[in-house]
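Residue numbers (our numbering): 8 to 157.
Ideal Cβ positions, reconstructed from N, Cα and C, are used throughout, including at glycine.
What follows is a set of notes on a single structure, which appears directly below.
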């Protein structure tokens, strides 16, 4: 059975999305953090979290924004009506592992308060017109999480 949801641009088959994420993670590992296709040239990292409910280790490829060494990720889920699972995982277990290029390190996920969230979100939106549309397609405020290196 597939799980479908609104991605802000139509329906997303989340099972297909999970397969795509698995292939992206494999390519990231095989090429020292570089990927091809639609994500080529994107600031991409791998975020590994502990499942909020399951306790299982989960890895998600995410676009990030780097502001003078501060790393931020966005719980956009392409403008869907719900937050991505990794966001709830960080709320339950803020200690995470990041892979950025060939570097792997521990970090703590910190959800930004509204004023800074809006500032960082606007910077990312200015870099990516499609990303800018996500918040317009959902009724929720898209959370921004800073990944603070330990």
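Residue 44 and residue 109 closer than 8 Å at C-beta: no
In whole angstroms, what separates the C-alpha of residue 158 from that of residue 65? The question about residue 158 has no answer here: the residues shown for the chain are numbered 8 through 157.
Cβ atoms of residue 55 and residue 103: under 8 Å apart, would you say? yes
Range covered by the alpha helix (DSSP H) that runs through residue 92: Unbroken alpha helix (DSSP H) run through residue 92: 92 to 99.
Go through its chain and collect everything with a Cβ distance to residue 145's Cβ below 6 Å, but skip five positions before and after it. 86 and 88
Buried or exposed (CB count within 10 angstroms, at least 16 for buried), residue 121: exposed
Identity of the residue in 151, 36 and 132 nearest residue 143 by Cα: 132
Three-state secondary structure assigned by DSSP to residue 150: Residue state, collapsed to three classes: coil.
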